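Here the structure comes first, spelled out in structure tokens, and everything after it is commentary.
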Amino acid sequence: MILYGLVTFFFADQATEQTDAPAVFFGENNATQILQDSVLVSAGAHYQLSKVGMFFLGKHYRPVWAVPVKAKVFHMDEAEGGLAIEKLGGGMQTTSLTLTDSSGRRFALRSLDKDPVSVLSPFWRKTLVGSFVRDQVSATNPYAALVVAPLAQAVGVFHPSPRLVYVRPSDKSFKQYAYLFGSKLFLMEEKFTSKASLTKEFGAATDLVSSEEMLARRFRSSQHRIDQWAFARARLLDMLLSDWDRHEGQWDWAVYVQGKETWYKPVPKDRDQALCLYDDGVIPWLATRKFAARKFESFHASFHDVYGLTINAAFLDARALSEVTLTDFKRIAREMQTALSDSVLSAAVKQLPSPVYQLVGEETFAKLKSRRKLLVQVAEEYYSILAKEVMVPGSDAADRFVVQRLSQGRTVVEVFRMGEGNVNKSKVYSRTFFASETEKIHLYGLGGNDIFDVKGTAAKGSYVHLYGGEGTDEVTDVSSLEGWRKKSVVLDDAAGVKVKTGPITEVKLSDSRKDVPSFVRVRVRE
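Put into structure tokens, the structure is as follows:
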């Protein structure tokens with residue numbers, strides 16, 4: 011940060027000289043024609059720096075932020091047949107409004123420029139650290155979401171279709187929020203958060219719910235199922251785009267009733283970090299190394315750190331990808347490579363405003379082509395990260411977990427719903443794990459009276475941790491492996507489980523359920 015202070019001190023004058031030009035242009039020489047349908051406006055001329063400043067702080071997308079682009083003037087009473095303000099939003103960085111139409115559909119009006127300084131503690135916000143964090147917004151491509159929509163369409167991932175709009179100075183339709191929204195560029199897109207937003211693209215979907223609601227339903231009953239293969243496809247698209255910020259608050263879920271089961275398909279949103287470039291300046295390069303803020307992975311022709319792209323999504327990945335095998339990941343990646351032809355990539359990049367395309371269009375196209383070629387390799391690496399330690403949750407109903415230890419380091423895990431008399435009903439989970447890939451398998455009974463059966467004899471195998479959860483659980487371990495390690499580990503409270511141990515069973519019981527490691531069901535960040 012000392013280096014950052016020196017850079018901004020010595021090169022502030024040069025940066026100011028580059029941003030004196032007005033950000034908005036109306037017509038040829040007439041800045042009073044505010045009621046026209048479109049304007050030329052730059053998203054953030056204030057991010058301009060001298061060449062020396064960019065050497066230390068990064069060139070990023072500063073020219074893209076500075077170049078004027080054409081945008082439609084937003085008229086709230088005309089857009090989508092007329093919109094009304096529902097609430098102010100935006101979390102900790104973005105200025106946004108939720109708007110509704112007469113049928114109840116919701117739309118988000120989200121600012122291109124952001125102020126991420128609120129992610130810092132109050133002490134740091136008015137320091138050089140705060141200034142640096144604000145400046146690094148220039149590492150994002152403000153128009154990236156326009157590129158994402160056609161790519162998502164091509165690979166069969168649900169998506170909003172954003173459009174670029176400009177809000178006039180002191181637009182009275184924004185009422186008390188006019189001072190926040192006037193004279194700025196925004197992306198407007200539909201929010202898929204309720205039944206009213208179900209378009210024909212969603213087919214037979216009956217509702218749209220948040221990640222929090224989806225997870226709550228899934229863990230109450232195994233009759234609620236996540237389409238994990240659709241989620242794997244959406245996550246590989248994230249990888250292609252280098253979109254690292256995919257925590258559970260960045261997803262909604264379309265609901266499909268299929269017989270006695272209800273399935274949930276992912277609907278990604280908020281593409282603020284797609285195509286970002288953080289590491290092309292001395293200070294941000296240091297700040298984004300593996301020993302520092304590793305998750306800020308940049309969009310290059312090759313993938314520098316796949317693990318970094320998984321950090322923010324780790325919570326949801328662990329709960330929504332435990333069924334997807336290596337074969338599945340590779341198949342999905344190959345299908346995506348076929349769907350993302352050169353013509354598809356080219357058409358997607360040409361959704362950028364023309365002046366922006368002139369600056370970064372060909373480079374973006376070339377990077378997407380290169381990353382597409384590497385997608386199967388990336389899918390394999392992504393799978394290997396996920397496979398090291400896997401969660402297999404049951405539900406609050408009665409479930410039976412059947413574990414079989416087989417030759418060649420294989421461990422087969424199956425989960426069944428149980429009916430009266432502890433009879434197996436539907437199989438809701440099945441996967442073969444390999445000791446060479448998976449060190450630990452965590453089985454969570456959650457609620458209900460669950461049964462865990464562990465059997466089989468083999469030379470080697472993964473650790474299996476069994477968490478009974480609430481209810482009265484039964485564990486029978488008659489398995490065996492070579493070596494001295496106890497690889498079947500039972501964790502529960504002493505009053506809530508009956509255990510029949512075998513040669514490799516380790517029992518860790520507590521006198522209080524609160525002392526037993528628990529499964530975190532829902533943790534949503536907006």
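Using the numbering used here, you'd call the opening residue of the sequence shown number 11 and step up by one each time. Built from N, CA and C at the ideal position, the CB exists for glycine as well. In this text, all values refer to a predicted model and were calculated from it rather than measured experimentally.
| query | result |
| --- | --- |
| Rounded straight-line distance, which links the Cα of residue 449 to that of residue 323 | 21 Å |
| Proximal residues to residue 356 (C-beta, below 8 Å), its chain only, five neighbours per side dropped | 375 |
| Where residue 179 falls, given that 16 or more other Cβ within 10 Å makes a residue buried | exposed |
| Own chain residues within Cβ distance below 8 Å of residue 508, not counting five before or after | 482, 483, 484, 485 |
| Contact test: residue 92 Cβ vs the ligand MN heavy atom, cutoff 7 Å | No copy of the ligand MN appears in this structure; indeed no ligand is present at all. |
| Beta-carbon spacing of residue 239, residue 342 below 8 Å | yes |
| Separation of residue 50 from residue 372, as counted between CA atoms | 23 Å |
| 8 Å contact criterion, which residue 237 and residue 273 should meet: CB distance rounded | 5 Å |
| Nonlocal neighbours in the same chain, by C-beta distance under 7 Å from residue 150, ignoring five residues either side | 71, 282, 283, 286 |
| C-alpha distance - residue 407 paired with residue 228, whole-angstrom precision | 11 Å |
| Rounded C-alpha distance that separates residue 121 from residue 54 | 11 Å |
| Residue(s) in a DSSP beta bridge with residue 186 | The partner list for residue 186 (beta bridge, DSSP) is empty, contrary to what the question assumes. |
| Residue 439 in three-state terms, based on DSSP | strand |
| Residue 278 - partner residues in DSSP beta bridges | 261 |
| Endpoints, beta strand (DSSP E) assigned at residue 81 | 79-83 |
| Under the three-state DSSP convention, the category residue 414 falls into | strand |
| Residue environment, residue 474, which counts as buried when at least 16 other CB atoms sit within 10 Å | buried |
| Cα-Cα separation, residue 165 to residue 347 | 9 Å |
| Burial state of residue 98 (16 or more Cβ within 10 Å) | exposed |
| Cβ-based burial, residue 45 [other Cβ within 10 Å; buried from 16] | Low local confidence applies: a pLDDT of 44 at residue 45 is under 50, so the model's placement there is unreliable, and no value is given. |
| Residues bridged to residue 475 (per DSSP) | 452, 499 |
| From 314, 119, 380, 412, residue whose alpha carbon lies closest to that of residue 172 | 119 |
| Unbroken alpha helix (DSSP H) run spanning residue 160, endpoints | 154-165 |
| Proximity below 8 Å, CB of residue 143 to CB of residue 123 | no |
| Every unbroken beta strand (DSSP E) inside the region 89-113 [3 residues or more] | 94-99, 104-110 |
| The region 249-257 contacting the region 310-329, beta-carbon criterion three pairs below 8 Å | yes |
| is_contact[residue 168, chain C] using C-beta, thresh 8 Å | You won't find chain C in this structure, because it holds only one protein chain. |
| Cβ pair residue 359, residue 367 closer than 8 Å | yes |
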